[in-house]
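2 protein chains.
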Amino acid sequence: MKQPHSHPPLSSASPASIDRTARLFRAIGDPPRLRLLALLSQGEACVSQLAQAEHESISTISQRLRVLRAENVVVRSRHGKHIHYALADRHIVELIENALAHAAERQ
Amino acid sequence: MKQPHSHPPLSSASPASIDRTARLFRAIGDPPRLRLLALLSQGEACVSQLAQAEHESISTISQRLRVLRAENVVVRSRHGKHIHYALADRHIVELIENALAHAAERQ
DNA sequence: GCTTCATTTTAACAACTGTGCAAATATGAT
DNA sequence: ATCATATTTGCACAGTTGTTAAAATGAAGC
Chain A
1 MKQPHSHPPL
11 SSASPASIDR
21 TARLFRAIGD
31 PPRLRLLALL
41 SQGEACVSQL
51 AQAEHESIST
61 ISQRLRVLRA
71 ENVVVRSRHG
81 KHIHYALADR
91 HIVELIENAL
101 AHAAERQ
Chain B
1 MKQPHSHPPL
11 SSASPASIDR
21 TARLFRAIGD
31 PPRLRLLALL
41 SQGEACVSQL
51 AQAEHESIST
61 ISQRLRVLRA
71 ENVVVRSRHG
81 KHIHYALADR
91 HIVELIENAL
101 AHAAERQ
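If you read the protein sequences in the order shown, they are chains A and B. Take 1 as the starting number for the first sequence in the numbering used here and just add one per residue. Take 1 as the starting number for the second sequence in the numbering used here and just add one per residue.
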């Protein structure tokens, strides 16, 4: 096997693509937000649950989710009185686990 | 096919891993730095070349490379009077191209 | 339908962090 | 020792984050 998937080369990415990608990385490039994603990788959860799990205020969690949602990393849906947040797609997790493995490689 | 590679699950990542990974994402989560990586994906280059390509001062480029080097995204080596920078490994490019594809997917 | 209440979001502000620029300093080839 | 190349420092500026308080959203009961 050569390449898992064939992507357009980085060198030919448009300025807009570079920008969007940078914003995506930036959104997930923060320990508190990454922790939220780790929680969500186990299944969707509402804001209060996440707040409780992180020992943070609901407001703080809501703002972190806002940043993630702005880059389409997570999606939300109402369930009765609660709003459930979930990972936008499985690829996000793969992306992070990939980076996790590489970050580990270099200590 | 199920999984391209099998990684340890995100949910079981240690705080230290989360931190390192966040720092990695943060380092590449900036358009100017991402552009440098795009240039380097075509082959190594010295600081002056990168500065010229980006229409920036050598000092500015040097600082951007410093951030990338701190997270082991790039490596440097001296070649005569010049210091060549190169991507630390091919995986970085894959990681970015992956993100690029996903960022494109969601507009 | 209107009110009430739980849940979440937003706004405003202060504290912190990162970035680029200019100038000074370091590095090492010749 | 000199010079080209690169790094570092100090500073000003812009952007981000958390906190508190106020506002919005919508479900459920009356």
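Think of the CB as a built atom: it goes at the ideal place given N, C-alpha and C, for glycine as much as any other residue.
Can the beta-carbon of Ser11(B) be found less than 8 Å from the beta-carbon of Ala103(A)?
no
Please list the terminal residues of the continuous beta strand (DSSP E) segment that includes Ser77(A).
Val74 to His79
Proximity below 8 Å, CB of Leu30(B) to CB of Arg26(A)
Checking the displayed sequence, the identity of residue 30(B) turns out to be Asp instead of Leu. Their beta carbons are under 8 Å apart, which means Asp30(B) touches Arg26(A) by this criterion.
Pick from Ala70(B), Arg69(B) and Gln49(B): whose alpha carbon is nearest that of Lys81(B)?
Gln49(B)
Check whether the Cβ atoms of Val93(B) and Leu100(B) lie closer than 8 Å to each other.
no
Outcome for Ile28(A) when other beta-carbon atoms lying within 10 angstroms are tallied against a minimum of 16
buried
Boundaries (first-last residue) of the beta strand (DSSP E) holding His82(A):
Start and end: His82 to Leu87.
If you run the structure through DSSP and keep just helix, strand and coil, what is Ser12(B)?
Correct three-state label for Ser12(B): helix.
I believe Tyr85(B) touches Ala45(B) by the beta-carbon criterion, under 8 Å. Please report the beta-carbon distance rounded to the nearest angstrom.
6 Å
With 8 Å as the threshold, decide whether the Cβ of Thr60(A) is near any Cβ in chain B.
Nearest CB-CB separation between Thr60(A) and chain B: not below the 8 Å threshold.
If you compare alpha carbons, which of Pro15(A), Ile83(A), Leu34(A) and Val47(A) is closest to Arg35(B)?
Ranking the options by Cα distance to Arg35(B), first place goes to Pro15(A).
Looking at Ala51(A) and Ile61(A), is the spacing between their C-beta atoms short of 8 Å?
Their beta carbons are under 8 Å apart, which means Ile61(A) touches Ala51(A) by this criterion.
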